[in-house]
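Enquirer: Got a structure here, written out as structure tokens. Questions coming.
Numbering (our numbering), first residue to last: -8 to 191.
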């Protein structure tokens, strides 16, 4: 086992390198920065009209939000297992975990569709008020990212069926990084939309 000071330069470089493709991490960073600006705009709006935001938030079901949080967290954990398996060259196990991550993740789509239908059937739409404009815009944009993520996972499992070593591992790590971004964005959206300020 090498001490940090005696570790060969090449090994040290690999240890410090980001997993997956660097271009994917650039995209993720830019995307997260965009969402951060959106969240800031939301916070400003909430500060200016706290009563409207509080009353609107009460119309959301935090149980559904929590369920989706658990679904995405579980799916993300399965992707961690997939990456770990791939690094050990256990490609079949990696593929099984990716497929499981996608299938579990689809529960998010079902729950979100149910929630959207319930809101719209009660006349709560994009035009109801500022809070729901943000609600539909943010969750809709997140859902778009989610759909892309599911497609990426579908491609990933196909690649894992006929792995090409390092190339496939890098693809998987990049796919996992994107999927974790989808998870992380929801981890911010859930408390911000469903919980924050609810008792103020």
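No residue lacks a Cβ here, since even glycine has one placed at the ideal position from N, Cα and C.
Values in this document were obtained by computation on a predicted structure and should not be read as measured data.
#1: Contact criterion: CB-CB distance below 8 Å. Does residue 127 meet it with respect to chain D?
#2: Secondary structure at residue 113, three-state DSSP: helix, strand or coil?
#3: Is it right to say residue 118 is buried, meaning 16 or more other beta carbons lie within 10 angstroms of its own, or is it exposed?
#4: So residue 183 is in the alpha helix (DSSP H); what residue range does that whole segment cover?
#5: Given residue 160, which residues of its chain have a CB within under 7 Å of its CB, disregarding the five upstream and five downstream residues?
#6: So, at 6 Å on beta carbons, what are the nonlocal neighbours of residue 91 in its own chain, with the 5 sequence-adjacent residues on each side left out?
#7: Counting pairs of Cβ atoms below 8 Å between the segment 49 to 56 and the segment 178 to 188, do you hit three or more?
#8: Compare the Cα-Cα distances from residue 152 to each of 29, 31, 88 and 105 and report the closest residue.
#9: Using CA atoms only, rank isn't needed, just tell me which of 81, 96, 33 and 162 is closest to residue 126.
#10: Could you give the DSSP three-state label for residue -8: helix, strand or coil?
#11: Are the Cβ atoms of residue 105 and residue 137 separated by less than 8 Å?
#12: Taking residue 154 as part of the alpha helix (DSSP H), name the residues at either end of that continuous run.
Expert: The relevant details are as follows:
#1: Here there is only one protein chain, and chain D is not present.
#2: In the structure shown, residue 113 sits in coil (DSSP, three-state: anything other than H, G, I, E or B).
#3: Taking every protein chain shown into account, the CB of residue 118 has fewer than 16 other CB atoms within 10 angstroms, so this residue is exposed.
#4: No alpha helix (DSSP H) holds residue 183; DSSP gives it neither H nor E.
#5: 77 and 78.
#6: If we look at residue 91 and ignore the five residues flanking it on each side, its Cβ neighbours are 69.
#7: The segment 49 to 56 makes contact with the segment 178 to 188, as at least three CB pairs between them are under 8 Å.
#8: Checking every option, the nearest Cα to that of residue 152 belongs to 88.
#9: When each option's Cα is compared against that of residue 126, the closest is 33.
#10: Here the model assigns residue -8 a pLDDT of 48, short of 50, so the residue's position is not dependable, and the following value carries that caveat. Residue -8: coil per DSSP, three-state reduction.
#11: No, the pair does not count as a contact, with Cβ atoms beyond the cut-off.
#12: Neither: residue 154 is in no alpha helix (DSSP H) and is coded neither H nor E.
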